[in-house]
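Trainee:
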Amino acid sequence: MTYIVKPKLRHPALPVNKLGFTHRDYEGTVSTLCAGCGHDSISAAIIQACFELAIEPHRVAKLSGIGCSSKTPTYFLGQSHGFNSVHGRMPSVLTGANMANKDLIYLGVSGDGDSASIGLGQFVHCIRRGVNMVYICENNGVYGLTKGQFSATADKGSKSKGGASNMDTPLDLASMAMMVGASFVGRSFSGDKEQMVPLIMAAMRHPGPCFIDIVSPCVAFNNHAGSTKAYDFVRAHNEAVNRLDIMEPRDPITVEYAPGTTEEVALHDGSSLRLAKLDADYDPSDRIMAMAYLQAKAARNELVTGLIYMDRHATDMHANLNTVDVPLNGLSEKDLCPGTKALDAFNASHR
Amino acid sequence: MPPTDIKNPDYFHKVVDCQWACPAHTPVPEYIRMIAAGRYSDAYMVNWHSNVFPGVLGRTCDRPCEPACRRGRVEEVTGAPQPVAICRLKRVAADNKSDVKARMPRPATQKNGKRVALIGAGPASLTVARDLLPLGYTVVLYDGDAAAGGMMRTQIPKFRLPETVLDEEVDYILDLEPELRLGQKVNSLKGLLSEDYDAIFVGCGAPRGRELDIPGRKEAKANIHIGIDWLASVSFGHTDKIGKRVIVLGGGNTAMDCCRTSRRLGGDEVTVVVRSGFEEMKASPWEKEDAMHEGIPIHNFLVPKEFLHEDGRLTGVRFEKVKAERDAKGRRNLVPSGEPDTILQCDDVLVAVGQENAFPWIERDIGLQFDKWDMPVVDPATMQSTNPKVFFGGDAAFGPKNIIWAVAHGHDAAISIDLLCQGKPVGLRPPPMVNLSSQKMGIHEWSYDNDISNDNRYKVPHAPIEKTLKNVKMEVELGFDVREAFLEAQRCLNCDIQTVFDTPKCIECDACVDICPMDCITFTGNDPEEELRLHLSAPALHPSQDLYISSALKTGRIMAKDEDLCLHCGLCAERCPTGAWDMQKFLLEAPKTGYACQHR
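Listed in order, the protein sequences are those of chains W and P. Following this note's numbering, the numbering of the first sequence begins with 158 at its first residue and continues without gaps. Following this note's numbering, the numbering of the second sequence begins with 109 at its first residue and continues without gaps.
(1) Tell me whether residue 126 of chain P is buried or exposed, calling it buried when 16 or more other Cβ atoms sit within 10 Å of its Cβ.
(2) Should residue 650 of chain P be flagged as near chain W, meaning a C-beta pair shorter than 7 Å?
(3) Would DSSP call residue 543 of chain P helix, strand or coil?
(4) In chain W, which residues lie with their C-beta within 9 Å of the C-beta of residue 552 of chain P?
(5) Quick one: grab the DSSP three-state call for residue 613 of chain P.
(6) Between residue 425 of chain P and residue 412 of chain P, which are expected to be in contact by the criterion C-beta below 8 Å, what is the C-beta distance as a whole number of angstroms?
(7) Check residue 260 of chain P in the structure and name its three-state DSSP category.
(8) Using only the alpha-carbon positions, how far apart do residue 300 of chain W and residue 248 of chain W sit?
(9) Could you please give the first and the last residue of the uninterrupted alpha helix (DSSP H) stretch that includes residue 475 of chain W?
(10) Kindly provide the ranges of any beta strand (DSSP E) runs that are 3 or more residues long and lie completely inside the stretch 311–354 of chain W, ordered along the chain.
(11) Does the beta carbon of residue 169 of chain W come closer than 7 Å to any beta carbon on chain P?
(12) What's the call for residue 245 of chain W, buried or exposed, on a 16-neighbour Cβ count within 10 Å?
(13) Short of 7 Å Cβ to Cβ, which residues in the stretch 371–392 of chain W face chain P?
(14) Let me make sure I understand the geometry here. Which of P:133, P:355, P:239 has the alpha-carbon closest to that of residue 455 of chain P?
(15) Which residues in chain P have a C-beta closer than 7 Å to the C-beta of residue 164 of chain W? List them in chain order.
(16) Do you know how far the Cα of residue 503 of chain W is from the Cα of residue 497 of chain W?
(17) Using a 10 Å radius around the Cβ and a threshold of 16 neighbouring Cβ atoms, would you call residue 369 of chain P buried or exposed?
(18) Run through chain P and tell me which residues come within less than 8 Å of residue 201 of chain W, C-beta to C-beta.
(19) May I ask you to list, following chain order, the residues of the stretch 636–668 of chain P that have a beta carbon less than 8 Å from some beta carbon of chain W?
(20) With three or more beta-carbon pairs closer than 8 Å as the criterion, would you say the stretch 311–318 of chain W touches the stretch 214–227 of chain W?
(21) Keeping to the same chain, check which residues put their C-beta closer than 8 Å to that of residue 257 of chain W; ignore five residues upstream and five downstream.
(22) Examine chain W for any beta-carbon lying closer than 7 Å to the beta-carbon of residue 603 of chain P, and answer yes or no.
(23) Got a sec? Which residues, its chain only, sit under 7 Å from residue 706 of chain P by beta carbon, not counting five neighbours each side?
(24) Which same chain residues end up closer than 7 Å to residue 205 of chain P when comparing Cβ atoms and leaving out the 5 residues on each side of it in sequence?
(25) Between residue 615 of chain P and chain W, is the shortest Cβ-Cβ distance under 7 Å, so that the two count as touching?
(26) Would you verify that the beta carbon of residue 197 of chain W is, or is not, closer than 7 Å to some beta carbon of chain P?
(27) Look up residue 291 of chain P in the DSSP assignment and say whether it is helix, strand or coil.
(28) Does the CB of residue 600 of chain P have a neighbour CB from chain W at under 7 Å?
(29) Pairing CB atoms from the stretch 551–571 of chain P with CB atoms from the stretch 584–592 of chain P, are three or more of them under 8 Å?
(30) Find the nearest neighbour of residue 450 of chain P within the set P:463, P:232, P:416, judged by alpha-carbon distance.
(31) Assign residue 272 of chain W to one of two classes, buried (16 or more other C-beta atoms within 10 Å of its C-beta) or exposed (fewer than that).
(32) Kindly say whether residue 174 of chain W, judged by its beta-carbon, lies nearer than 7 Å to any beta-carbon of chain P.
(33) How is residue 433 of chain W classed by DSSP in three states: helix, strand or coil?
(34) Quick one: what does DSSP say residue 446 of chain W is sitting in, helix, strand or coil?
(35) Output the residue ranges of the beta strand (DSSP E) runs that lie fully inside the stretch 421–502 of chain P and measure 3 residues or longer, sorted by chain position.
(36) Residues in the same chain with beta-carbon distance under 7 Å from residue 134 of chain P, minus the five sequence neighbours each way, listed in chain order, please.
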């Protein structure tokens with residue numbers, strides 16, 4: 158870890174967003190993770206995404222569980238709300254927070270240990286309920302904090318740093334998320350910011366449960382030959398199905414794609430998502446096909462990345478529960494206890 | 109872009125902006141770290157080897173290093189960017205050092221039989237003397253004045269440079285036992301050439317103050333003085349008072365010295381008048397500030413037309429008001445504004461409108477060519493004239509500059525004289541001494557303090573103005589105390605601690621990109637420089653600042669680092685998991701004659 162505070166001085170010509178912030182204003186304190194940890198790159202991508210979306214920091218709540226990944230919210234969005242919860246219990250804390258105040262942007266940050274082992278039940282139920290959030294799993298395939306035992310997402314046959322092979326079947330969190338109702342599922346690699354940043358931006362604008370699985374090499378315990386989550390392996394086996402761009406209405410189109418290979422998807426806030434298809438046959442709106450595609454590629458040791466699935470007609474938990482428009486924590490005592498007359502009328506309606 | 113060749117000493121040298129800008133290439137960050145560590149004597153010696161007069165320069169240097177200082181660029185976000193007070197830190201080393209006599213070279217025990225004459229005992233000649241004497245040369249030092257020091261003694265007022273400071277540093281050189289011919293002006297170079305000298309160095313400065321030939325000059329001459337001559341006269345104690353109302357004409361540093369000296373010799377109403385605008389004045393900004401602080405107004409856009417006089421006594425000066433205009437070719441001209449002339453009353457006028465070289469004592473038939481401006485033709489690298497035995501340096505070589513340039517010329521001339529006397533071609537310049545070594549002491553532990561100070565530049569405290577204006581010899585600046593010096597030294601970014609990139613070790617994890625506080629580092633496809641500069645993490649604004657380019661990485665991309673705004677905080681190296689980045693100290697000593705090279 159680094160002992161000094163990151164200098165406050167910054168490049169004088171840094172771009173500013175429409176709030177007048179530079180990306181430096183979205184940083185947290187300096188990371189205490191191992192040098193070269195993929196998680197730090199994910200933090201940098203989150204910072205970049207929030208900067209580009211010009212998100213007001215006080216409108217974000219970042220929640221995490223326990224583990225290396227769950228430490229990272231300290232290292233970004235230093236002026237946002239944060240909750241470092243119990244191991245594997247981030248999803249229920251997030252669900253509760255969202256239930257109370259649906260106006261915030263919820264960013265759940267977890268790892269493969271926190272989500273796929275101790276918190277697997279919480280993970281699926283949170284998505285099942287349709288909580289409007291961006292759930293990021295920083296997936297390195299090992300328990301980094303306890304010195305590199307295989308986690309539940311380690312691939313079968315993958316080798317540990319000591320040379321042992323993993324004989325257990327891996328969990329694929331992206332497939333599980335699709336299976337239990339996530340309306341936005343992406344996968345990326347910490348070494349590819351060009352892919353990560355627009356994916357996170359798109360997820361933050363998506364009004365439903367979003368899950369992004371980000372393979373993030375553990376430089377200390379899982380970055381060696383034989384590991385399937387090492388920088389070299391992921392670079393060699395990474396197959397992006399598409400490339401994303403978030404288009405503001407006023408943005409000029411700078412990149413030209415061959416006709417028929419791009420697709421524009423309008424987002425609810427007036428911007429649009431432009432999808433450049435790298436695999437012409439891949440349709441991210443087809444959930445069943447996407448699940449089959451992931452399995453087929455995984456069987457060939459290939460890691461599918463990009464926007465894997467998006468439901469354009471997503472809804473969320475509050476819509477499902479038909480809650481009032483005002484966030485529940487904004488309701489006054491008068492709203493919540495409307496008095497004897499209202500109670501009588503309510504009871505009468507059930508007679 | 110092709111990968112950067114970091115083996116070329118110029119590459120990292122340029123990154124150390126201050127050292128690159130210093131004519132004598134003083135390793136600035138190296139001595140600033142020593143000051144922070146309280147190693148004042150060591151800091152003094154680092155300076156002494158490079159620039160010979162640390163105590164003098166720490167008070168009077170023109171500081172080309174400071175406008176170049178990276179701190180002045182990276183602080184741009186604070187609104188008031190200021191370079192590190194390099195010059196005044198140098199003074200701290202001189203003020204706080206212990207006795208360094210034992211560390212000085214000794215007179216040569218054996219003479220090499222070669223004789224060199226130095227004309228003028230100013231900074232250029234003294235530097236040549238220092239570089240040649242320990243090698244066994246017999247050096248003969250001529251000067252028309254009674255004491256060595258040249259313009260440092262005659263033109264710089266004592267309230268800026270106390271005599272004791274100058275004497276000490278001149279004495280370190282006189283202790284090497286040159287033959288002194290003080291009070292002995294050289295009147296014929298031809299005559300000197302006929303004597304038994306193997307080489308002659310001309311370091312006589314630019315001794316003539318420019319005249320201002322306007323009506324009334326002759327009639328009122330008793331009260332019109334040429335600035336540098338008047339300063340010399342004050343310096344030697346021949347002049348100790350001036351009229352109550354004084355006008356100083358001119359906007360250079362000499363004008364500032366004239367007006368401030370006048371304030372101390374009875375001038376109650378001293379005014380500086382310049383032809384052009386305030387901004388265009390040649391004086392250093394801090395010298396203008398100091399003058400104004402002493403209650404001296406500076407009037408601009410006034411061209412002197414006539415000295416007014418009554419019965420042979422000066423009464424005032426008439427000025428024409430002008431304004432600056434650009435002509436069709438974009439050149440800036442001063443044209444009459446059409447307003448009525450201004451008359452300023454005064455008792456004395458000091459004319460400080462420039463200095464000229466004058467070589468009436470150099471015969472034109474000795475194989476020494478002069479150019480169309482009547483300046484000697486001098487090779488800027490070797491300082492040799494067209495007469496192979498004659499070398500020039502300081503203001504005598506290329507017109508008025510400053511002390512630090514004189515020192516740099518002196519080092520170069522000494523190398524040439526040494527080569528000439530050994531029968532080697534003077535064009536065969538020795539390379540600089542260069543050392544590049546890792547500063548890693550442990551995990552995230554460096555031999556230097558990499559935590560960046562957020563402090564603004566510290567101001568040098570001044571003695572109370574009521575006292576300083578009463579005594580022409582009382583030094584105005586008190587210098588930093590030890591605490592202030594430490595805090596100011598901490599502002600230095602250690603630009604000599606280089607970020608060195610080892611391409612094969614890089615795994616492209618982006619950790620350095622993410623941590624870099626200045627967004628200096630980018631991993632990208634390779635392109636020609638102009639294109640590359642545009643798609644870096646943050647735009648590369650100063651094309652004069654290099655991009656550090658690696659060879660191709662595993663993914664085919666390259667690492668591109670914009671050196672411009674790097675804080676040298678070492679965070680890239682701290683966050684690098686494989687040690688592809690390392691912080692390495694680049695120490696360069698500019699070439700000097702044998703003595704100095706052996707003693708580092």
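Don't be surprised by glycine CBs; every beta carbon is placed ideally from N, CA and C. Note that the coordinates shown come from a computational prediction; the quantities given were computed from them, not determined experimentally.
Mentor: Walking through what the data contain:
(1) The sequence position of residue 126 of chain P within the second sequence is 18, counting from 1. Per the 10 Å Cβ criterion, buried.
(2) For this step, residue 650 of chain P is matched to residue 542 along the second sequence. No - not a single Cβ of chain W is within 7 Å of the one on residue 650 of chain P.
(3) Counting from 1 along the second sequence, the entry for residue 543 of chain P is found at position 435. Three-state DSSP puts residue 543 of chain P in a strand.
(4) To locate residue 552 of chain P, count along the second sequence from 1; it is residue 444. Those within 9 Å of residue 552 of chain P in chain W are 158, 159, 160, 161, 192.
(5) Here residue 613 of chain P refers to the residue found at position 505 of the second sequence. Three-state result, residue 613 of chain P: helix.
(6) Taking the first residue of the second sequence as position 1, residue 425 of chain P is located at position 317. Taking the first residue of the second sequence as position 1, residue 412 of chain P is located at position 304. Right, the Cβ-Cβ distance comes to about 5 Å (below 8 Å), so this counts as a contact.
(7) Position 152 of the second sequence, counting from 1, holds the residue named residue 260 of chain P. It is helical.
(8) Against the first sequence, residue 300 of chain W aligns to sequence position 143. Against the first sequence, residue 248 of chain W aligns to sequence position 91. Roughly 20 Å between the two C-alpha positions.
(9) In the first sequence, residue 475 of chain W corresponds to position 318, counting from 1. Counting along the chain, the alpha helix (DSSP H) containing residue 475 of chain W begins and ends at 474–478.
(10) 341–346
(11) As a first step, residue 169 of chain W is located in the first sequence; it is residue number 12 there, counting from the start. Interface residue, yes.
(12) To locate residue 245 of chain W, count along the first sequence from 1; it is residue 88. Label assigned to residue 245 of chain W: buried.
(13) 376, 388, 392
(14) Numbered from 1 along the second sequence, position 347 holds the residue referred to as residue 455 of chain P. Selected option, being the one with the closest Cα: P:355.
(15) Here the question's residue 164 of chain W lines up with position 7 in the first sequence. By Cβ distance, chain P contributes 560, 625, 675, 677.
(16) For the purposes of this step, residue 497 of chain W is identified with residue 340 of the first sequence, where counting begins at 1. For the purposes of this step, residue 503 of chain W is identified with residue 346 of the first sequence, where counting begins at 1. Each residue's Cα considered, the two are about 10 Å apart.
(17) On the second sequence, residue 369 of chain P is found 261 positions in, with the first residue counted as 1. Buried: at least 16 other Cβ atoms inside 10 Å.
(18) Position 44 of the first sequence, counted from the start, is the residue given in the question as residue 201 of chain W. Ordered by position in chain P, the residues that pass the 8 Å Cβ test against residue 201 of chain W are 618, 621, 622.
(19) 646, 647, 649, 662, 663
(20) no
(21) The sequence position of residue 257 of chain W within the first sequence is 100, counting from 1. 484, 485, 486, listed in sequence order.
(22) Along the second sequence, read from residue 1 onward, the residue named residue 603 of chain P stands at position 495. So, not an interface residue.
(23) Residue numbering aside, residue 706 of chain P sits at position 598 when the second sequence is read from its first letter. Residue placement at residue 706 of chain P cannot be trusted, given a pLDDT of 41 that sits under 50; the coordinates are not used to answer.
(24) Along the second sequence, read from residue 1 onward, the residue named residue 205 of chain P stands at position 97. Contacts found: 148, 149, 152.
(25) To locate residue 615 of chain P, count along the second sequence from 1; it is residue 507. Residue 615 of chain P counts as touching chain W.
(26) Indexing the first sequence from 1 puts residue 197 of chain W at position 40. Taking Cβ atoms only, chain P reaches closer than 7 Å to residue 197 of chain W, which makes this a yes.
(27) One-based indexing of the second sequence puts residue 291 of chain P at position 183. The answer is coil: DSSP assigns residue 291 of chain P none of H, G, I, E or B.
(28) Taking the second sequence and counting its residues from 1, the one referred to as residue 600 of chain P is at position 492. No, its Cβ sits nowhere closer than 7 Å to a Cβ of chain W.
(29) yes
(30) What you label residue 450 of chain P is simply residue 342 of the second sequence in a count that begins at 1. Nearest of P:463, P:232, P:416 to residue 450 of chain P, Cα basis: P:416.
(31) In the first sequence, counting from the first residue as 1, residue 272 of chain W sits at position 115. Answer is buried; the Cβ neighbour count reaches 16.
(32) As a first step, residue 174 of chain W must be located in the first sequence, where it is residue number 17. Answer no: the Cβ-Cβ gap between residue 174 of chain W and chain P never drops below 7 Å.
(33) For the purposes of this step, residue 433 of chain W is taken as residue 276 along the first sequence, with counting starting at 1. In the structure shown, residue 433 of chain W sits in a strand (DSSP, three-state: E or B).
(34) The residue given as residue 446 of chain W occupies position 289 in the first sequence. Three-state DSSP puts residue 446 of chain W in a helix.
(35) 421–434, 440–444, 450–453, 456–459, 498–500
(36) The count along the second sequence starts at 1 and reaches residue 134 of chain P at position 26. For residue 134 of chain P, where only same-chain residues beyond five positions count, the Cβ hits under 7 Å are 127, 155, 158, 159.
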